[in-house]
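Visitor: Handing you a structure now.
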Amino acid sequence: MLSAFAEGNVDAIEETVSEDTVWIYHGTQVIPKSEFHGIEGVSKFFTRILNRTEKLKFEAEQFISTIRL
Numbered sequence: 548m549l550s551a552f553a554e555g556n557v558d559a560i561e562e563t564v565s566e567d568t569v570w571i572y573h574g575t576q577v578i579p580k581s582e583f584h585g586i587e588g589v590s591k592f593f594t595r596i597l598n599r600t601e602k603l604k605f606e607a608e609q610f611i612s613t614i615r616l
């Protein structure tokens with residue numbers, strides 16, 4: 548599901564849920580709190596997220612450990 552979301556592939560997301568799915572979203576200023584039911588509801592949620600938000604990509608250039616070996 549997460550890789551499908553990263554690709555913006557709502558059809559693939561739909562394949563990971565069932566008709567008895569209840570997706571609870573706690574809300575933000577952009578998309579208010581809601582419950583989404585079934586495959587159609589989950590599809591509606593992810594379509595809203597993909598249409599109303601900007602996707603940013605971050606890549607780590609360096610990792611710093613504070614553990615001394």
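For the sequence shown, the positions run 548 to 616 when this note's numbering is used.
Beta carbons are placed, not taken as given, at the ideal position from N, Cα and C, and that holds for glycine.
Would you please state the rounded distance, in angstroms, between the beta carbons of Ile596 and Ile578? I believe it to be under 8 Å.
Guide: 7 Å between Cβ atoms; contact.
Visitor: Among the candidates Leu616, Val589, Asn598 and Glu582, whose CA atom is the shortest distance from the CA of Glu566?
Guide: Answer by Cα proximity: Val589.
Visitor: So Ile571 and Glu582 are supposed to be a Cβ contact under 8 Å. How far apart are they, rounded?
Guide: Indeed they touch by this definition, with Cβ atoms about 5 Å apart.
Visitor: Taking Val557 as the reference, give the member of Thr594, Thr600 and Ala607 with the closest Cα.
Guide: Nearest C-alpha to Val557: Thr594.
Visitor: Which of helix, strand or coil does DSSP assign to Ile560?
Guide: In the structure shown, Ile560 sits in a helix (DSSP, three-state: H, G or I).
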